[in-house]
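Since the structure comes first, as structure tokens, the remarks are kept for the end.
Dropping the structure here:
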């Protein structure tokens, strides 16, 4: 009940603030669920009021814009007619809506807006098409083509197949692109895995969502590029293969049977029940534990640079750094392993493993590079 009351208050507030569209939407939603529900009576009255005020305001605004006779208003006029038509279409299935407190049906003045929608759509389509055509003919900047593209895409949404809109969309899209040629330079004096180079330059894996940027990792000879991106690997450092040893000497007291307690004269002592008194015997066990650690590391350092090819100026430069560490621990022993703690004893089941090759180390070290490069590409903007 409290939720319903708050919803009614919000709907009334929307009407009072001139947000008739929201009031209409909320009222229709509630009445669609159950128009006969007593608690929804308020929504019928609110819908009647919001519909009347919205229709009056929209029609007055349309008349004003039509009298102004400025083609820039054509979209607003079209959208208003579409909204008026859509609202009527949503209300019709709900009728009649009976207002109990006034013993009458709610009053809605409906009009046929089909011709208005059609005529305004045709006028808007002609305007958008001609505007985009002029832009494409006289464009001097990429942004001009993008503006034409947006108009043409909208035109194709409201009026699919209008003239040769689709071919013009493709033209605007192609000419509005920023084309970036990508290259990779290895100045580290180390051989990088071919698989790594392929993955770093495989832009399909980066999930980029750049509408107006096209990267070519295999530049075309007949293409005029706007920007250049260079991925330079400056250094690749690989440590020697190392094995370090650590020795631990462990001792532990373990039970080793028992002996009988004796008195001063060497006779066996007995308790009050006549049972011989036993004393536990302990012995010390020792174990030499040898822990071996295999270690090898690789670090790759590079930089990504973006250059404006028309001005030859560097736009941005981003450092890249990534490291991978291979570490493997194994152990053995001599002596009595019962002297070892549980965690040390568990290590005895491991043995040495082959060290990764330098190529594999570089490849693994570059995993972070790919993540960093993806982040750079996602944020880098050109216009």
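In full-length UniProt numbering, the protein residues as written are 1 to 383. The C-beta atom is built at its ideal place from N, Cα and C for all residues, glycine as well. Since the structure is predicted, the reported quantities are computational estimates derived from the model, not experimental observations.
- Message: If distances are taken between C-alpha atoms only, which option among 144, 347, 193, 185 comes closest to residue 172?
- Response: Comparing Cα positions, the closest option is 144.
- Task: Identify which residue in 328, 276, 14, 266 has its Cα closest to the Cα of residue 294.
- Result: Among 328, 276, 14, 266, the Cα nearest to that of residue 294 is on 328.
- Message: Between the stretch 297–304 and the stretch 334–341, can you find at least three pairs of beta-carbon atoms closer than 8 Å?
- Response: No: fewer than three Cβ pairs fall under 8 Å.
- Start-end ranges of the alpha helix (DSSP H) lying completely within the stretch 128–166, minimum 4 residues: The qualifying runs are 142–158.
- Residue range of the beta strand (DSSP E) that includes residue 329: Annotation for residue 329: the continuous beta strand (DSSP E) segment containing it runs 313–335.
- Message: Taking the straight line between their C-alpha atoms, what separation do you get for residue 278 and residue 254?
- Response: Taking the straight line joining both Cα atoms gives about 17 Å.
- Could you check what DSSP says for residue 170 in three-state terms: helix, strand or coil? If DSSP states are grouped into helix, strand and coil, residue 170 belongs with the helices.
- Task: Would you mind stating whether residue 290 and residue 243 have Cβ atoms separated by less than 8 Å?
- Result: Going by beta carbons, residue 290 and residue 243 fall outside the 8 Å limit.
- Query: At what residues does the beta strand (DSSP E) containing residue 347 begin and finish?
  - Reply: For residue 347, no beta strand (DSSP E) run applies; the uninterrupted alpha helix (DSSP H) run containing it begins and ends at 342–347, by DSSP.
- Query: Would a C-beta distance cut-off of 8 Å place residue 214 and residue 177 closer than the cut-off?
  - Reply: In this structure, residue 214 places its C-beta atom within 8 Å of the C-beta atom of residue 177.
- Message: With the cut-off set at 8 Å, would you say residue 51 and residue 24 are in Cβ contact?
- Response: Contact check for residue 51 against residue 24 passes: the beta carbons are separated by less than 8 Å.
- Would you call residue 202 buried or exposed, if buried means 16 or more other Cβ atoms sit within 10 Å of its Cβ? Residue environment for residue 202: exposed (fewer than 16 other C-beta atoms within 10 angstroms of its C-beta).
- Task: With DSSP as the reference, label residue 228 as helix, strand or coil.
- Result: In the displayed model, residue 228 falls within a strand according to three-state DSSP.
- Going by alpha carbons, who is nearest to residue 20 out of 53, 37, 5? The shortest C-alpha to C-alpha distance from residue 20 to any of 53, 37, 5 is the one to 53.
- Task: Examine the Cβ distances between the stretch 262–270 and the stretch 152–169 and report whether three or more of them are shorter than 8 Å.
- Result: Contact between the stretch 262–270 and the stretch 152–169 is absent, because fewer than three Cβ pairs lie under 8 Å.
- Query: What is the rounded straight-line gap between the Cα of residue 169 and the Cα of residue 133?
  - Reply: Counting only the Cα atoms, residue 133 lies some 10 Å from residue 169.
- Message: Beta-carbon within less than 6 Å of residue 96's beta-carbon, same chain only, minus the 5 sequence neighbours each way: which residues are those?
- Response: If we look at residue 96 and ignore the five residues flanking it on each side, its Cβ neighbours are 105.
- Item | Assigned exposure category for residue 314 - 16 Cβ within 10 Å defines buried | Residue environment: residue 314 is assigned as exposed (fewer than 16 neighbouring CB atoms within 10 Å of its CB, all protein chains considered).
- Message: How far does the beta strand (DSSP E) with residue 294 in it extend, from its first residue to its last?
- Response: Its beta strand (DSSP E) spans residues 278–308.
- Item | Same chain, Cβ closer than 6 Å to residue 48, neighbours up to 5 away in sequence not counted | Cβ within range, chain order: 106.
- Query: Can you name the start and end residues of the alpha helix (DSSP H) that residue 70 belongs to?
  - Reply: Counting along the chain, residue 70 sits inside no alpha helix (DSSP H), nor does DSSP assign it H or E at all.
- If you follow the beta strand (DSSP E) that residue 250 is part of, which residue opens it and which one closes it? Judged by DSSP secondary structure, residue 250 falls within the beta strand (DSSP E) whose first and last residues are 242–260.
- Message: Among the candidates 273, 28, 286, 93, whose CA atom is the shortest distance from the CA of residue 250?
- Response: Out of 273, 28, 286, 93, 286 has the C-alpha closest to the C-alpha of residue 250.
- Measuring alpha carbon to alpha carbon, tell me which of 197, 273, 351, 192 ends up nearest residue 237. Considering only alpha carbons, the answer is 192.
- Task: Could you tell me whether the stretch 78–93 touches the stretch 135–149, where touching means 3 or more Cβ pairs closer than 8 Å?
- Result: Judged by Cβ distances under 8 Å, the stretch 78–93 makes no contact with the stretch 135–149, as fewer than three pairs qualify.
- Query: With a cut-off of 8 Å, do at least 3 Cβ pairs link the stretch 347–357 to the stretch 175–189?
  - Reply: The answer is no - the stretch 175–189 does not touch the stretch 347–357, with fewer than three Cβ pairs under 8 Å.
- Task: Please say whether residue 260 and residue 280 have beta carbons closer to each other than 8 Å?
- Result: It is not a contact, given that the beta carbons lie outside the stated cut-off.
- Residue of 44, 165, 180 minimising C-alpha distance to residue 102: For residue 102, the nearest C-alpha among the options comes from 44.
- Beta-carbon proximity of residue 200 to residue 374, cut-off 8 Å: Going by C-beta atoms, residue 200 is not nearer than 8 Å to residue 374.
- Item | For residue 182, the first and last residue of its enclosing alpha helix (DSSP H) | Boundaries for residue 182: no alpha helix (DSSP H) harbours it, while the beta strand (DSSP E) harbouring it runs 178–186, taken from the DSSP string.
- Message: In this structure, how does DSSP classify residue 113 when only helix, strand and coil are distinguished?
- Response: When DSSP states are grouped into helix, strand and coil, residue 113 belongs to the coil group.
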